[in-house]
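Q: When you line the first sequence up against the numbering used here, it's residues 82 to 278, in that order.
No residue lacks a Cβ here, since even glycine has one placed at the ideal position from N, Cα and C.
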Amino acid sequence: MFDRELLERPSTEVAPLLLGALLTVGDVTVRLTEVEAYLGELDPGSHAFRGPGRRNAVMYGEAGHLYTYFTYGMHVCANVTCSPAGVASAVLLRAGEVVAGLETARMRRATSKTDADLARGPARLCVALGITLDDGGVDLATGRVRLDLPAHAQEFVTGPRTGVSGAGGSDIYPWRFWIPGDPTVSPYKRSVPKKRN
DNA sequence: GTCGAGATTATCT
DNA sequence: GATAATCTCGACC
Numbered sequence: 082m083f084d085r086e087l088l089e090r091p092s093t094e095v096a097p098l099l100l101g102a103l104l105t106v107g108d109v110t111v112r113l114t115e116v117e118a119y120l121g122e123l124d125p126g127s128h129a130f131r132g133p134g135r136r137n138a139v140m141y142g143e144a145g146h147l148y149t150y151f152t153y154g155m156h157v158c159a160n161v162t163c164s165p166a167g168v169a170s171a172v173l174l175r176a177g178e179v180v181a182g183l184e185t186a187r188m189r190r191a192t193s194k195t196d197a198d199l200a201r202g203p204a205r206l207c208v209a210l211g212i213t214l215d216d217g218g219v220d221l222a223t224g225r226v227r228l229d230l231p232a233h234a235q236e237f238v239t240g241p242r243t244g245v246s247g248a249g250g251s252d253i254y255p256w257r258f259w260i261p262g263d264p265t266v267s268p269y270k271r272s273v274p275k276k277r278n
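1) Roughly how many angstroms lie between the CA atoms of LYS276 and ARG205, to the nearest whole one?
2) Determine whether the beta carbon atoms of PHE237 and GLY145 lie at a separation below 9 Å.
3) Let me know if ARG131 comes out buried or exposed under the rule of 16 or more other beta-carbons within 10 Å of its beta-carbon.
4) Suppose the cutoff is 6 Å on Cβ atoms and the five residues either side in sequence are ignored; what does the same chain contact list for ALA186 look like?
5) Bridge partners for PHE258 per DSSP, in chain order?
6) How big is the Cα-Cα spacing for THR213 and TYR148?
7) Give me the DSSP bridge partner(s) of ASN367.
8) DSSP three-state call for ARG136: helix, strand or coil?
9) Check each candidate in GLY126, SER193, LEU99, ASP220 and name the one with the smallest Cα separation from THR114.
10) For ASN160, which of ASP216, ALA181, GLY107 has the nearest alpha-carbon?
11) Rounded to the nearest angstrom, what separates ASP124 and ASP263 at their Cα positions?
Spelled out as structure tokens, the structure:
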């Protein structure tokens, strides 16, 4: 199902709704297992922090569209825009599990040795699905990229990094959400480097 | 399995 | 010219 009204909320509320959702592009379908909320203009880490630009124009548009961007020259990341038009807000898709089109995904991600690696990471997710800058701005209800929200709320946990409680006032964007126990989630760098002897 | 450094291009100041 | 929401590879335990 796809209900745009569900997406017209703050990204921190939309993020958990996207967990378990199915994202389909062509022959490949991915079940989202990890996402991260971005609050546009309020988030210093967001591309929209300094105001509207070419790249982030989609984030200011209607909810339920795909926002793609290029980073480090080699990687593409995908976001789902949320909040009503005029508000820059989006949810970054960080990881997922390939549930259909495995063969296609494997070909695209030749460097991945296991299926769990196919869409483990924002840029990898896009490669596995075949998402490019060309797909930016498409409507997720009718475009080449389709979003299918889960019928029931998914169980999820958030990542307030190593139990940051105070939030003293430095990092204001620890809004990471993922499905606990999923092998395709967050195997990448830890937020807190472990100290070696 | 885990840590550390480098690569590479679109976009904005 | 500076910046960026990352990935891959090599070294070590």
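A: Based on what the coordinates show:
1) Working through the first sequence from its first residue, we reach residue 276 at position 195. Working through the first sequence from its first residue, we reach residue 205 at position 124. Residue confidence for LYS276 is low, a pLDDT of 45 falling below 50, so the modelled location carries little weight; the figure read from the coordinates is stated next. For LYS276 and ARG205, the distance between alpha carbons rounds to 28 Å.
2) For this step, residue 237 is matched to residue 156 along the first sequence. For this step, residue 145 is matched to residue 64 along the first sequence. Against a cut-off of 9 Å, the Cβ pair of GLY145 and PHE237 comes out as no contact.
3) In the first sequence, residue 131 corresponds to position 50, counting from 1. It counts as exposed.
4) Looking up residue 186 in the first sequence gives position 105. For ALA186, where only same-chain residues beyond five positions count, the Cβ hits under 6 Å are VAL109, VAL179, LEU199, ALA209.
5) Your numbering for residue 258 matches position 177 in the first sequence. Answer by DSSP bridge pairing, in chain order: VAL116, THR239.
6) Taking the first sequence and counting its residues from 1, one reaches residue 213 at position 132. Taking the first sequence and counting its residues from 1, one reaches residue 148 at position 67. Cα to Cα, the separation comes out at about 10 Å.
7) Past the boundaries of the shown model lies residue 367; the chain is included only from 82 to 278, so the question cannot be answered.
8) Indexing the first sequence from 1 puts residue 136 at position 55. Looking at ARG136 - three-state DSSP - the assignment turns out to be coil, as it is neither helix nor strand.
9) Position 33 of the first sequence, counted from the start, is the residue given in the question as residue 114. Answer by Cα proximity: LEU99.
10) The residue labelled residue 160 in the question sits at position 79 within the first sequence. For ASN160, the nearest C-alpha among the options comes from ASP216.
11) The sequence position of residue 124 within the first sequence is 43, counting from 1. The sequence position of residue 263 within the first sequence is 182, counting from 1. Taking the straight line joining both Cα atoms gives about 28 Å.
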